[in-house]
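Student: Below is one structure. I have some questions about it.
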Amino acid sequence: MLNRKDLLGTSDLSKEEILSIIDLAERYSDDNNNHVNNTKILTGITQINLFFENSTRTQVSFEIAGTRLGTNIVNFPLKNSSQSKGETLLDLASTLNSMFPDILIIRHPNSGAVQLISEKVKCSVINAGDGYHEHPTQALLDAQTIRKRLGTITGLKIAICGDIAHSRVARSNIFCLKTLGNQITVIGPKNLIPKGVETMGVEVTNNMFDGLQGVDVVMVLRLQKERMNGSFFSSEREYFHQYGLDEKKLKYAKPNAIIMHPGPMNRGIEIDGDLADDINRSVITKQVEVGLAIRMAVLDLLTENHPLRKK
Ligand code: ASP
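Here it is in structure tokens:
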């Protein structure tokens with residue numbers, strides 16, 4: 018049970034809430050794998066997808082998740098909307114609110130924009146990624162993927178590598194994985210590690226060989242160039258040499274350590290292409306599969322008290 022209107026981040030989720038989402042997602046994951054046709058428990062519920070920033074995995078999986086559960090989906094066409102005529106975000110929110118949607122799924126390039134909209138609308142809002150702030154469903158699907166593969170999601174040593182400073186995935190994962198009782202090390206060049214990140218309860222190092230010692234999970238992040246002002250690294254070649262995950266660096270992790278990446282991947286920059294494809298180590302495609310189940314679970318739990326579901 019999730020007793021909340023919105024899912025805006027993982028920073029305020031309790032351990033019980035996180036586990037209730039991933040436990041339900043486990044059931045959806047089995048259904049999806051066994052081609053079980055989910056009962057359309059969300060029939061009549063209107064879901065609007067508002068993506069102000071590019072997306073492949075997140076947008077498509079929210080769309081399929083809604084379809085499987087029976088929602089009426091409206092994909093908001095940003096290019097043809099009044100946003101291009103200069104309408105403010107708050108005016109857009111109150112316009113949408115007047116049409117009685119039940120659930121809004123929003124991705125926005127500005128940190129905090131999703132929360133702003135959520136305060137203006139009566140319906141549930143799910144943050145599908147806002148700037149470098151939070152991306153809660155990514156962290157939840159990462160936690161579930163780890164639990165599936167390693168049999169536990171507590172007491173693990175987890176390294177998050179690369180561009181931590183511009184990554185909402187890193188922030189949401191740190192909150193979520195810390196709440197679940199894991200030890201996190203962030204690894205990256207000095208200028209891609211946010212100041213004060215230690216206050217989030219993580220270890221910090223600028224050296225991949227040190228940071229990867231004995232870890233169970235290696236999470237690799239993309240260089241978020243779209244959020245960089247100026248240049249943060251000398252060359253992609255040099256970056257790969259120091260921070261790209263390859264066989265040599267992976268040897269420092271535990272022999273059964275898994276490799277994760279939220280996608281989209283830049284092969285040969287933050288990760289070696291062969292490692293990314295190594296089905297014995299990499300769970301990158303599993304993350305996408307689990308993402309669908311997590312999004313079904315979140316849609317289900319956030320609308321549990323909706324009057325249409327009482328019938
Ligand atoms: N897809 C993830 C995000 O939206 C990670 C990335 O773009 O690198 O934050």
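Residues in the sequence shown are numbered consecutively from 18, following the working numbering. Ideal placement from N, C-alpha and C gives every residue a C-beta, glycine not left out.
#1: Specify the secondary structure class of ALA274 as computed by DSSP and reduced to three states.
#2: Does the ligand ASP have even one heavy atom less than 7 Å from the beta-carbon of PRO281?
#3: According to the Cβ coordinates, are GLY285 and ARG74 closer than 8 Å?
#4: May I ask you to report which of helix, strand or coil DSSP gives PHE79?
#5: Going straight from the alpha carbon of LEU267 to that of PHE226, what length do you get?
#6: Rounded C-beta distance between LEU59 and LEU318? I'm assuming under 8 Å.
#7: Terminal residues of the continuous alpha helix (DSSP H) containing LEU106?
#8: Please work out which residues of its chain come closer than 8 Å, Cβ to Cβ, to ASN114, disregarding the five sequence neighbours upstream and downstream, and give them in chain order.
#9: Starting from GLU220 and walking both ways along the beta strand (DSSP E), at which residues does that stretch end?
#10: From GLU306, MET313, ILE276, GLY308, pick the residue whose C-alpha is nearest to that of ASN297; which is it?
#11: Do you know how far the Cα of GLU151 is from the Cα of HIS125?
#12: The ligand ASP and GLN155: does any heavy atom of the ligand fall closer than 7 Å to the residue's C-beta?
#13: On the DSSP bridge assignment, give the partners of ILE170 in chain order.
#14: Alpha helix (DSSP H) containing MET236: first to last residue?
#15: Which one or two residues does DSSP pair with ALA176 in a beta bridge?
#16: Which of helix, strand or coil does DSSP assign to THR320?
#17: Bridge partners for LEU121 per DSSP, in chain order?
#18: Short of 6 Å in beta carbon distance, which residues of its chain neighbour LEU88, apart from the five on each side in sequence? Order them along the chain.
#19: Any heavy atom of the ligand ASP within a distance shorter than 7 Å of the CB on GLY148?
#20: For VAL232, count the other beta carbons within 10 Å of its own beta carbon; 16 or more makes it buried, fewer makes it exposed. Which is it?
#21: Please confirm whether LEU229 and TYR269 have their CB atoms less than 8 Å apart.
#22: Does the stretch 157-170 touch the stretch 301-314, meaning 3 or more C-beta pairs lie closer than 8 Å?
#23: Does the separation of the CB atoms of ARG312 and ALA82 fall below 8 Å?
#24: Per the DSSP calculation, SER37 is bridged to which residue(s)?
#25: Short of 7 Å in beta carbon distance, which residues of its chain neighbour GLY198, apart from the five on each side in sequence? Order them along the chain.
#26: Is VAL300 near the ligand ASP, in the sense that its beta carbon is under 7 Å from a heavy atom of that ligand?
#27: Taking GLY148 as the reference, give the member of GLY168, ASN71, SER98 with the closest Cα.
#28: Taking the alpha carbon of SER46 as the reference point, which residue from ALA314, ASP294, HIS323 has its own alpha carbon closest?
#29: Would you report the Cα separation of GLN259 and ILE122, rounded to the nearest angstrom?
#30: If you compare alpha carbons, which of SER251, PHE69, ALA110, ASP23 is closest to ASN97?
Tutor: Inspection of the coordinates gives the following:
#1: coil
#2: yes
#3: no
#4: helix
#5: 8 Å
#6: About 11 Å separates the two Cβ atoms, so there is no contact after all.
#7: 106-114
#8: LYS137, VAL138, LYS139, CYS140
#9: 220-222
#10: ILE276
#11: 11 Å
#12: yes
#13: According to DSSP, ILE170 bridges with nothing at all.
#14: Segment 234-237 is the beta strand (DSSP E) holding MET236; no alpha helix (DSSP H) there.
#15: THR202, VAL235
#16: coil
#17: ILE65, VAL142
#18: Residue identity differs from the one stated: residue 88 is Thr in this sequence, not Leu. Closer than 6 Å at the Cβ level, and outside the excluded window around THR88, lie LEU59, ILE62, GLN64.
#19: no
#20: buried
#21: yes
#22: yes
#23: yes
#24: SER37 pairs with nothing; no bridge assigned.
#25: THR171, GLY172
#26: no
#27: ASN71
#28: ALA314
#29: 37 Å
#30: PHE69
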